[in-house]
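Peer 1: Numbering-wise (my numbering), the sequence shown opens with residue 1 and increments by one.
Here you go, one structure.
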Amino acid sequence: REVVTAMRGNIAELLSKAVNAGALDSDISFSEQNAVLNVLRNYGDLDSSNIFTNSTRSGLQEGSGGLTAGLPRAALNLDDFFFDTSVPYVPTFSESINQSATMLQPVGGMDKIAQALADEVSEESFYGIEITAIRRSGSGAVIEGMVDGTIGAAEVDYVIVAIPPSVLRNIPNDFSAATANAIAQVQYANPTKIAFQSPRFWESEDDIYGGISWTDPEILQIWYPSGGFGQEKGIIVGSYLFGGTNATNFQNLSIDERVEFALAGGEKVHPQYRQNLSAGISVAWAKVPYSLGGWSVSTPSSVLQLPDGPFLFAGDHLTYLQGWQEGAVISSLNALNNLLDLMGV
Ligand SMILES: Cc1cc2nc3c(=O)[nH]c(=O)nc-3n(C[C@H](O)[C@H](O)[C@H](O)COP(=O)(O)OP(=O)(O)OC[C@H]3O[C@@H](n4cnc5c(N)ncnc54)[C@H](O)[C@@H]3O)c2cc1C
Numbered sequence: 001r002e003v004v005t006a007m008r009g010n011i012a013e014l015l016s017k018a019v020n021a022g023a024l025d026s027d028i029s030f031s032e033q034n035a036v037l038n039v040l041r042n043y044g045d046l047d048s049s050n051i052f053t054n055s056t057r058s059g060l061q062e063g064s065g066g067l068t069a070g071l072p073r074a075a076l077n078l079d080d081f082f083f084d085t086s087v088p089y090v091p092t093f094s095e096s097i098n099q100s101a102t103m104l105q106p107v108g109g110m111d112k113i114a115q116a117l118a119d120e121v122s123e124e125s126f127y128g129i130e131i132t133a134i135r136r137s138g139s140g141a142v143i144e145g146m147v148d149g150t151i152g153a154a155e156v157d158y159v160i161v162a163i164p165p166s167v168l169r170n171i172p173n174d175f176s177a178a179t180a181n182a183i184a185q186v187q188y189a190n191p192t193k194i195a196f197q198s199p200r201f202w203e204s205e206d207d208i209y210g211g212i213s214w215t216d217p218e219i220l221q222i223w224y225p226s227g228g229f230g231q232e233k234g235i236i237v238g239s240y241l242f243g244g245t246n247a248t249n250f251q252n253l254s255i256d257e258r259v260e261f262a263l264a265g266g267e268k269v270h271p272q273y274r275q276n277l278s279a280g281i282s283v284a285w286a287k288v289p290y291s292l293g294g295w296s297v298s299t300p301s302s303v304l305q306l307p308d309g310p311f312l313f314a315g316d317h318l319t320y321l322q323g324w325q326e327g328a329v330i331s332s333l334n335a336l337n338n339l340l341d342l343m344g345v
């Protein structure tokens, strides 16, 4: 709140100076200038002289706003953040289309959504089988697989292939050259995370209830639990890197080194960190055997959105919602529509 308020206030003040200096005369007519200044005063919470001093939008001074009038905190200094590009995402992160404040979250974790969908599938499901080859057979296909060292195969009319391209390209297959090429082209982000168990000092001592602290790019974010407020302990995400060089550095560390790296970075934000955090656990998705990456960063392949003989494809990489379950669902509906077309239904 403090950064966003100060940033908006300063931008509005600078823009109002430009308007009053006549720098925007060719864009804004004289009769429109007052309307623009009114908007800027409201947008940046400027005073009547179009100057930003501070705003209660940043939060109130401790103890004020109850029996006494609410007093704004001192505004952040322009130089403290405005020209500091080392902490990215902060001002507009929650305004981007895929990162708005949480409205709903699945009880028990994200995979409850997939489990609930699976529960609704009436046909039999088989889990734990590693697919080892995907072959053509007549107008249909043969899927080869392995479970507990036992090899097997299934002959089918059609296959919806939902294995991510990062893994799929290494599985022997009879895809067309165009399909194989499209699968080979998909590039993946390499996100990393680390989480710890800890007494909830961020609630009891720092008044933080959920949300994210943005910090140095080497660990980037600290996520606080969005539920269980007031319980003795909680899970804190000590770093979440979306990919790139910092994520590569992090994933190349051993788990013990990642723990130390995250503690050293996080204690700059919370001095209580090291004495409270324990049981560090970390995932680097590029190293997870059946994922080999986090999410596609390539333009969705129009080739893979269409059937290749008996093979149809599904996965969030086929949509512009890469890295979101909604993308996986949209792609599966596309695959099912294509399947109905193939079957002439
Ligand atoms: C760090 C991170 C955070 C995310 N956060 C969110 C979020 O907050 N909200 C959200 O909506 N989405 C989120 N996502 C994205 C979400 O996880 C994906 O969109 C979704 O899982 C994609 O579904 P999918 O079916 O396309 O692929 P996957 O879920 O990857 O499913 C592919 C399946 O194929 C299996 N497989 C691979 N190889 C084989 C093989 N040889 N044989 C048999 N099976 C195989 C894998 O085990 C896996 O189960 C996140 C992803 C990551 C990496």
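Using N, Cα and C, we set each Cβ at its ideal position, and we do this for glycine too.
Where do the ends of the beta strand (DSSP E) carrying residue 345 lie?
Peer 2: Taking the sequence shown and counting its residues from 1, the one referred to as residue 345 is at position 345. Run containing residue 345: none; DSSP gives neither H nor E here.
Peer 1: Where does residue 44 fall in DSSP's three states?
Peer 2: Mapped onto the sequence shown, residue 44 falls at position 44. If DSSP states are grouped into helix, strand and coil, residue 44 belongs with the helices.
Peer 1: As a quick exercise: from 191, 157 and 302, pick the residue whose alpha carbon is nearest that of residue 343.
Peer 2: Counted from its first residue, the sequence shown places residue 343 at position 343. Comparing Cα positions, the closest option is 157.
Peer 1: Between the C-alpha atoms of residue 254 and residue 218, what's the straight-line distance to the nearest angstrom?
Peer 2: Here residue 254 refers to the residue found at position 254 when the sequence shown is read from its first residue. Here residue 218 refers to the residue found at position 218 when the sequence shown is read from its first residue. Each residue's alpha carbon lies about 16 Å from the other.
Peer 1: Can you check the segment 99 to 133 for any alpha helix (DSSP H) of at least 4 residues that lies completely inside it and give the ranges in chain order?
Peer 2: 111 to 120
Peer 1: Which residues in the same chain have their Cβ closer than 6 Å to the Cβ of residue 301, if we skip the five residues on either side of it in sequence?
Peer 2: The sequence position of residue 301 within the sequence shown is 301, counting from 1. Excluding positions up to five away in sequence, the list reads 182.
Peer 1: With distance defined between alpha-carbon atoms, name the residue in 278, 231, 307 and 28 nearest to residue 176.
Peer 2: Indexing the sequence shown from 1 puts residue 176 at position 176. For the residues 278, 231, 307 and 28, the minimum Cα distance to residue 176 belongs to 307.
Peer 1: Extract the residue ranges of the beta strand (DSSP E) inside the segment 229 to 261, only unbroken runs of 3 or more that lie entirely within it.
Peer 2: Whole beta strand (DSSP E) segments, 3+ residues: 233 to 241.
Peer 1: If you run the structure through DSSP and keep just helix, strand and coil, what is residue 212?
Peer 2: The count along the sequence shown starts at 1 and reaches residue 212 at position 212. The answer is strand: DSSP assigns residue 212 an E or B state.
Peer 1: Pairs of beta-carbons, one from the segment 188 to 208 and one from the segment 236 to 255, closer than 8 Å: are there three or more?
Peer 2: yes
Peer 1: Regarding residue 244 and ligand 1, is the C-beta to nearest heavy atom distance less than 8 Å?
Peer 2: The residue labelled residue 244 in the question sits at position 244 within the sequence shown. No, the Cβ of residue 244 stays beyond 8 Å of every heavy atom of ligand 1.
Peer 1: Going by DSSP, which residues form a beta bridge with residue 150?
Peer 2: Taking the first residue of the sequence shown as 1, we reach residue 150 at position 150. In DSSP, residue 150 forms a bridge with 147.
Peer 1: Give a yes or no on whether the C-beta atoms belonging to residue 336 and residue 134 are separated by under 9 Å.
Peer 2: Here residue 336 refers to the residue found at position 336 of the sequence shown. Here residue 134 refers to the residue found at position 134 of the sequence shown. No, the Cβ-Cβ distance between residue 336 and residue 134 is not below 9 Å.
Peer 1: If I follow the unbroken beta strand (DSSP E) through residue 283, where does it start and stop?
Peer 2: Within the sequence shown, numbered from 1, the residue matching residue 283 stands at position 283. Where residue 283 is concerned, the enclosing beta strand (DSSP E) stretches over 278 to 284.
Peer 1: Comparing the CB of residue 331 with every heavy atom of ligand 1, is any distance shorter than 8 Å?
Peer 2: What you label residue 331 is simply residue 331 of the sequence shown in a count that begins at 1. Result yes, Cβ under 8 Å from ligand 1.
Peer 1: Do residue 59 and residue 8 have their CB atoms nearer than 9 Å?
Peer 2: As a working mapping, residue 59 is identified with position 59 in the sequence shown. As a working mapping, residue 8 is identified with position 8 in the sequence shown. For residue 59 and residue 8, no; Cβs fall outside 9 Å.
Peer 1: Sorted by chain position, which residues of the same chain lie with C-beta nearer than 8 Å to residue 350's C-beta, five sequence neighbours on each side aside?
Peer 2: Here the chain has residues from 1 to 345 only, and residue 350 is not among them.
Peer 1: Between residue 295 and residue 316, is the Cβ-Cβ spacing less than 9 Å?
Peer 2: In the sequence shown, the residue the question calls residue 295 occupies position 295. In the sequence shown, the residue the question calls residue 316 occupies position 316. It is a contact, given that the beta carbons lie within the stated cut-off.
Peer 1: Report whether the distance from the Cβ of residue 150 to the nearest heavy atom of ligand 1 is below 8 Å.
Peer 2: One-based indexing of the sequence shown puts residue 150 at position 150. No - ligand 1 has no heavy atom lying nearer than 8 Å to the Cβ of residue 150.
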